[in-house]
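**Q**
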Amino acid sequence: MLNSKQVTTIIINAITVKMLITFPKNAISLCGNAAWISALYCTLVAAAIFFITIKIYNSERNVIQIAEAAFGPFMRTVTGIVVFVVLASNFFTVMRIFPETIRLVLLQRTHVELIYAVFAAALVLGAFCGVEAIGRVHGLFIPVAGGIFVVFVFLLFPSMNPENVMPILGRGPQSLFIKNLPFLSLFSDLLLLNMLMPYVENKDEYKRSGLKALFIGGAVSIVIFAVYAMSYAYPSSEKLLFPVYQLERLIRLSNFFSRFEAIFQFIWTITILIYGSLYLSVLAEVWQVSFKLKRKEPLILPITVILVAISLIPDNLAEMINCEGVINMWIYIPALAIPIIFGIIGRLRGK
Amino acid sequence: MKYIKAAAAIIMMLMLTSCVGEEPDNIVYVTALGIDKQDDGYVYTLQFAQPVKISGGAAEEGGTGGKIVENISVEAPTVYSAISNANAIISKNLSMSHAKIFVISSEIAKGGLKEINDVFIRSNDIRPDIFFVIAKDAGKYLENVKPNFEINPVKYYQLIYENRDRNSIPRTTAMDFYTSCICRTRDCLLPYAGVAKTEDDKKQDGEEKEEENKASKNESMKDAEMNKGGFEDSTRNYFAGQAGKKITNKSESLGAAVFKGDKYVGNLGSTDAELYNILINKFREISVTFNSGVDPESPITLELEEKTNPKFKIDTEKKHVEVYLTLESELLSAPAKYRESVSIQETNKSVSEMLSKAAEDLIEKLYGKYNVDAMGVRGMLRREFITLDEYDNYCKSFKPRQWSFSVHTNLKIKRTGMTDYH
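In order, the protein sequence lines correspond to chains C and W. Mapping to the numbering used here: the first sequence position 233 is 427, numbers consecutive. Mapping to the numbering used here: the second sequence position 231 is 253, numbers consecutive.
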């Protein structure tokens, strides 16, 4: 079983980890330096959707278990496959973007294939440890990462110029509130939370942890966008591929402290490793439950290999980032709608 | 599972306990890079630290251990191909991670720095806080860098270009320059560097020259224009290479290179650069002389300190900007006749007027003569608009020459040193 702190930190990490890589770039391209307003708006929309979900969702089972109870084994398998595809789509881009980023900023002389292999191996190893063990690491590590994040924001004060967030509405209200709705994909990991239902003590824990994580994750993304917007004027801000990394490079305390990115790279690597391990473990479990298999462990390695292979389809990193943008355009719809749909089905069928 | 854990432990022990990639001993760190144009391409001068000379051993022997930097020049089309070419000459691998300055020749800068900006922003090696410096001859400047007091050349460049107490050059980092070129929120001023012409330079090859570390007379000094009346009274408005009277280190960084976007359009002298730093509040403390009005030979000296950021009031209709400077100061020196006849209040008033006048003249030079938006009016205009489209539309017709400025200075002497005023 996962306790409240572990569930909350898992979802906070799942939401914020995307902010550490290329997610902000696509958002800034759409709404300029007013992306922080869009982040605030989408956090409120996601909170409203989650609030509706928890009002409707009256079960202590996850959506696959509800599908089985309501419609039998066939629908369990179909639902399981849909959930698997949604979660895998939300995750596989990390399998390419993270090793490529590490190659660019940290291990410039290492073969990228080796980085892929070591990264995948680390994720597989983590996934073998199981959801509860990964949850405990989240509970230990994420508060430390949070503390470092606060220090990081303070150290960036000298580089910030509040005038850079002007004009206040960026590319305009339509871009902020309509065109940038795909920003909700930042919160598509709420489906992951649903999959963790069997590990959560009770339904109330699910609600509490979900809301808490959503607001903290939303607040972190708003802060990252605001700090980035104040540090880099638009349109130079939309040209940089890894916004948070670029912010780290600005930190400097006189002549005795610079290169904060060394600390960042440590935090970044651990958060992505525990995020990836958890995702692989959950994906294997979804497949196991969908097909009523005895064990999930033998599935971890094949799933990893398939995801790495899919992630290698785009020709280069720029194409991969575009691909991530395309996935973000739709992924939030099934991710946020599936729990609502099965919540309604569960209520109607009394499951 | 037991075997997997054991295998993981062994792999980690073997892979995570050493430097993967390159040993530090195999790297030589570029501290400065110069780019000059020649008829058929570019010449890159790479300056790197001599690890043997800057290590403890040299200092223990007494002195700096001789020449702490080494320069090599190669012909190449881009920065990284220059590094590749240089690696054919020196045994160690060159790294840009400790580079402090890129010195760019004024001839290249006139054509624009888009390519250099692109190299800078793409590279993960090059730090965002390096400086682009403009010089008439970049290679010559680097070859003449002979720090007198520093053992480490990086420290030398830090003290020259990053020092907040050194006000005669603008402190614009390469990242500031890059963002200003992309965003066009302001036109930048970059530090200007040069080499002094000394008596030695006139001597022919066969003639006996001064010893290596003996000071020689700077012939260029007399070319600098003397400020008369007002701000920095009786001080020369030096350009790089004109400052020292008798010098050993002929390389100097003084004044500013004015840019319109990424193109170099003109120069400002040292006192103009000081004034510019005051106007954008990029200084900590600065000692300035003002005309005393009673004795043309003896100006008064104040140490200025800016307590708040300057305030800008923009009138978009009339295209006019009101600048409000609030400064505090300490009296450092004043002629006896002045102390007897002029009160502190009168000094506050006259000095404020002199500073306002000098600032308006400088802004007129920047906006009128050079047609550059060095005060960043375009950037400040962003707050006047709600959306980027409205702002972009307005900026399409933005011309710096159409804007006028009034500067209002409120300068108060708060301290009079260790003695009474009269």
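Think of the CB as a built atom: it goes at the ideal place given N, C-alpha and C, for glycine as much as any other residue. Here the structure is a predicted model, which means the values were calculated and not measured.
Closest to K436 of chain W by CA distance: which of W:Y163, W:E172, W:T369, W:N299 is it?
**A** W:T369
**Q** Would you call the stretch 207–215 of chain W in contact with the stretch 154–165 of chain W, where contact means no fewer than 3 C-beta pairs closer than 8 Å?
**A** yes
**Q** Looking only at C-alpha atoms, which of W:S309, W:G251, W:E172 sits nearest to L354 of chain W?
**A** Measuring from the Cα of L354 of chain W, the nearest candidate turns out to be W:S309.
**Q** Considering F281 of chain W, what are the terminal residues of the beta strand (DSSP E) in which it resides?
**A** 273–282
**Q** Does E83 of chain W get closer than 8 Å to chain C when you measure Cβ to Cβ?
**A** Note that E83 of chain W scores 44 on pLDDT, short of 50, meaning its location in the model is unreliable; the coordinates nonetheless yield the value given after this. Not closer than 8 Å to any Cβ of chain C, the Cβ of E83 of chain W fails to qualify, so no.
**Q** Q60 of chain W by DSSP, collapsed to three states: which one?
**A** Q60 of chain W falls in the strand class under three-state DSSP.
**Q** For chain W, is any of its Cβ atoms less than 8 Å away from the one on A427 of chain C?
**A** yes
**Q** Tell me the DSSP secondary structure of L332 of chain C in three-state form.
**A** Checking the displayed sequence, the identity of residue 332 of chain C turns out to be His instead of Leu. Correct three-state label for H332 of chain C: helix.
**Q** At 4 residues or longer, what runs of the alpha helix (DSSP H) sit wholly inside the stretch 339–419 of chain W?
**A** 358–363, 366–386, 399–403, 410–418
**Q** What is the DSSP secondary structure of T283 of chain C, counted as helix, strand or coil?
**A** One detail in the question is off: residue 283 of chain C reads as Ser in this sequence, not Thr. Taken through DSSP and simplified to helix, strand or coil, S283 of chain C comes out as helix.
**Q** Using a Cβ-Cβ cut-off of 8 Å, state whether L410 of chain W counts as contacting chain C.
**A** yes
**Q** Nearest-angstrom Cα distance between L181 of chain W and L378 of chain C?
**A** Distance between the alpha carbons of L181 of chain W and L378 of chain C: 48 Å.
**Q** Cβ of V452 of chain W within 8 Å of Cβ of V343 of chain W?
**A** Any question about residue 452 of chain W goes unanswered here, given that chain W covers just 23 to 444.
**Q** Give me the chain C residues within the contact set of A30 of chain W, using Cβ-Cβ distance strictly less than 8 Å, ordered along the chain.
**A** L319
**Q** Which residues in chain C sit within 8 Å of T201 of chain W, going by Cβ to Cβ distance?
**A** Y426, A427, S430
**Q** Is Y66 of chain W buried or exposed, if buried means 16 or more other CB atoms sit within 10 Å of its CB?
**A** buried
**Q** Give me the Cα-Cα distance between I32 of chain W and L308 of chain C, rounded to the nearest whole angstrom.
**A** The straight-line gap from Cα to Cα measures roughly 17 Å.
**Q** Near E82 of chain W, which residues of its chain fall below 6 Å by C-beta distance, leaving aside the five closest residues on each side in sequence?
**A** Bear in mind that the predicted position of E82 of chain W carries a pLDDT of just 44, short of 50, making it unreliable; the figure below should be weighed with that in mind. For E82 of chain W, where only same-chain residues beyond five positions count, there are no Cβ hits under 6 Å.
**Q** With a threshold of 16 other CB atoms inside 10 Å of the CB of S95 of chain W, please say whether the residue is buried or exposed.
**A** buried
**Q** Would you mind sorting G56 of chain W into buried or exposed? The rule is 16 or more other CB atoms within 10 Å of its CB.
**A** buried
**Q** Can you tell which of W:F261, W:I408, W:G63, W:G252 has its C-alpha closest to the C-alpha of N289 of chain W?
**A** It is W:F261.
**Q** Does the CB of C205 of chain W have a neighbour CB from chain C at under 8 Å?
**A** Interface criterion met: the Cβ of C205 of chain W is under 8 Å from a Cβ in chain C.
**Q** Helix or strand or just coil, what does DSSP make of N432 of chain W?
**A** strand
**Q** Tell me the rounded alpha-carbon separation between L390 of chain C and N207 of chain C.
**A** 14 Å
**Q** Any beta-carbon of chain C closer than 8 Å to the one on I123 of chain W?
**A** Answer no: the Cβ-Cβ gap between I123 of chain W and chain C never drops below 8 Å.
**Q** Since F286 of chain C and S505 of chain C are thought to touch, with beta carbons under 8 Å apart, how far apart are those beta carbons, to the nearest angstrom?
**A** 5 Å
**Q** Per DSSP, what kind of secondary structure is S320 of chain W in: helix, strand or coil?
**A** coil
**Q** According to DSSP, is K285 of chain W helix, strand or coil?
**A** strand
**Q** Once DSSP output is grouped into helix, strand and coil, what is the label at M35 of chain W?
**A** Three-state result, M35 of chain W: helix.
**Q** Report yes or no: do three or more beta-carbon pairs, one from the stretch 354–365 of chain W and one from the stretch 307–324 of chain W, lie closer than 8 Å?
**A** The stretch 354–365 of chain W vs the stretch 307–324 of chain W: in contact.
**Q** Closer than 7 Å by beta-carbon distance: list the chain C residues that pair up with F407 of chain W, in chain order.
**A** P361
**Q** Under 7 Å, CB to CB, which of the residues in the stretch 438–450 of chain C have a partner in chain W?
**A** R443, L444, R446, N449
**Q** Using CA coordinates, which residue listed in C:A241, C:E518, C:A240, C:T247 is at the minimum distance from K212 of chain C?
**A** C:E518
**Q** Chain W partners of L298 of chain C, CB-CB under 9 Å?
**A** N146
**Q** What's the call for L487 of chain C, buried or exposed, on a 16-neighbour Cβ count within 10 Å?
**A** L487 of chain C should be labelled exposed.
**Q** Rounded to the nearest angstrom, what separates S198 of chain C and S369 of chain C at their Cα positions?
**A** About 36 Å.
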